[in-house]
Amino acid sequence: MQQDEELPAAAGQVARAYPELYRAYAALGEACAKAGPVEGEALRLVKLALAIGAGSEGGVHSHCRRALDEGVPKEALKQVALLAVPPLGFPQAIAALTWIEDITYGRCGPAQPPG
1 MQQDEELPAA AGQVARAYPE LYRAYAALGE ACAKAGPVEG EALRLVKLAL AIGAGSEGGV
61 HSHCRRALDE GVPKEALKQV ALLAVPPLGF PQAIAALTWI EDITYGRCGP AQPPG
């Protein structure tokens, strides 16, 4: 989980307003990540795929930033969007691809610190 200062503005505000809730949420995320053998690049790509499936532009942006920070190739991120075509449909996959390109092409920039 990201530290409060690394969260997008709205999430950072919630984390500051409800620190116990955020700590519990962060702990749940860490426990889920450690619940099985998936780790590293594969774990990051699964989380990206889940954000795509949920239709969460912010989640896709967040997981792309984290993936790039962890050394995941841009091409792998784009492949995840393309893999969404059969189960989610062409429009959702293309939307996801544009969200990924927002980050890989620098159109969104880094997450802004809250405050």
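Once you know that position 95 of the sequence shown is 95 in the UniProt record's numbering, the rest is easy, because the numbers rise by one and skip nothing. Virtual Cβ for every residue (Gly too), placed ideally from N, Cα, C.
Asked                                                                                       : Found
Cβ neighbour criterion (16 or more within 10 Å) applied to K47                              : buried
P8 (DSSP reduced to helix, strand or coil)                                                  : coil
C-alpha distance - E20 paired with K34, whole-angstrom precision                            : 21 Å
Beta carbon of E57 nearer than 9 Å to that of A95                                           : yes
Three or more C-beta pairs below 8 Å linking the segment 92 to 108 and the segment 63 to 79 : yes
Integer-rounded CB distance, given that H61 should sit under 8 Å from R44                   : In fact, because the Cβ distance is near 14 Å, the residues do not count as touching under 8 Å.
Opening and closing residue of the alpha helix (DSSP H) in which P73 lies                   : Unbroken run through P73: none, as it is neither H nor E.
Integer Cβ distance of A15 from L7, believed to fall under 8 Å                              : 6 Å
Burial state of G12 (16 or more Cβ within 10 Å)                                             : buried
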